[in-house]
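Notes to accompany the following structure.
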Amino acid sequence: MKDIPQKDDVDSSPIATPQKSIPRHIAIILDGNGRWAQKRGLPRSEGHIRGSSAIEKIIEEAAQIGVERLTLYCFSSENWKRPKPELDALMNLLKTYMIEQRATMMKNNIRLRVIGRRNRIPIDVLTEMDKTISLTSANSGLTLSLAINYGSRPEIADAVRDIVVELLDPENRAKKMSLANVSNVSDLIDENYISSKLYDAEAPDPDLLIRTGGEQRLSNFLLWQLSYAELWFTDILCPDFTPEHFREAIRWYQSRERRYGGLNKN
Ligand code: IPE
Ligand code: IPE
Ligand code: MG
């Protein structure tokens, strides 16, 4: 668990220097909204609203410091287990977010993407989501990828299904085998093929995973893609998570040595 520096001992050294690389892709599990609200005697839905406001500042910060991609876990495929009023509040918040953030995304040159299954998401939410995705599609700054009705196992299952469907088509199969110069169809299956069928196939793997809210687990988030990510957990609840905490996580990331199974450089 990280100790978050207090105001007086905040490290204000710059995070973007030629020696210190900014993570290209940061993924965040936004947890702790409900507990934040419950501590204050407020409804859980209020926690979600405050969590969303906190995250708006993180998105702006990420865009400003030059992060290429930010993937935020907003709603998991398991979150449908929540009570109906909380689900309604969350879907409503998503819809409002898609409408209200359009201007800010355009101003900050942010491109929106959404990963997850579209089934079960109310049609009015999908409509607003699609509008924002298409409006921002030519933006060239930060790519903001929101994981909504997302689960990593369903994503991998969807990828496998796509591959099977593709390879069951005789013409497709023959073309792929000739391109890869293999005589056995099973030789086509490799990591790259599976990666290419994930929801956000163009994204580099996340370099840094942040989870707010005190839990140290992945909760079915990006299991394949996080294989070599640096993991930063904090007790700070999502509505209290500030750009300064975000920068602290990046500084910590910059102090890590990534070996990918090799040996250190010294
Ligand atoms: C995260 O906050 C947001 C969602 C999962 C939608 P929680 O709602 O899980 O908050 P806690 O973990 O109960 O505090
Ligand atoms: C993970 O939080 C999902 C999101 C933040 C969207 P949860 O609150 O659903 O995770 P668990 O249930 O504590 O593992
Ligand atoms: Mg939670």
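In terms of our numbering, the sequence shown has 431 at position 137, counting the first letter as 1, and numbering is strictly consecutive.
Every residue, glycine too, gets a C-beta built ideally from N, C-alpha and C.
Residue 379 and residue 388 have their C-alpha atoms spaced approximately 14 Å apart. Between residue 520 and residue 512 the beta-carbon gap is near 7 Å, inside 8 Å, which marks them as a contact. Every unbroken stretch of the beta strand (DSSP E) spanning 3 or more residues and falling wholly within the region 463 to 535 is given here in chain order: 502 to 505, 524 to 527. Secondary structure note for residue 361: it is in no alpha helix (DSSP H), with a DSSP letter that is neither H nor E. Taking the Cβ of residue 529 as the reference point, every heavy atom of ligand 3 lies at 6 Å or farther away.
Remark: three or more beta-carbon pairs, one from each stretch, lie closer than 8 Å, so the region 480 to 500 and the region 438 to 453 are flagged as touching. According to the DSSP secondary-structure assignment, residue 439 is paired through a beta bridge with 365, 407.
For residue 321, the uninterrupted beta strand (DSSP E) run begins and ends at 319 to 323, by DSSP. Taking one beta carbon from each stretch, the region 447 to 462 and the region 320 to 331 have fewer than 3 pairs nearer than 8 Å; the two do not touch. When the Cα atoms are used, residue 406 and residue 364 turn out to be separated by approximately 10 Å. If you draw a 10 Å sphere on the C-beta of residue 454, you find fewer than 16 other C-beta atoms in it, and that means exposed.
Looking at the DSSP output, residue 346 shares a beta bridge with no other residue. When the alpha-carbon of residue 539 is set against those of 311, 315, 322, 318, the nearest one is in 322. By the Cβ-count criterion, residue 367 is buried, with 16 or more other Cβ atoms from all chains shown falling within 10 Å of its own Cβ. Ligand 1 has a heavy atom closer than 6 Å to the beta-carbon of residue 327.
Distances taken from the Cβ of residue 369 to the heavy atoms of ligand 1 include one shorter than 6 Å.
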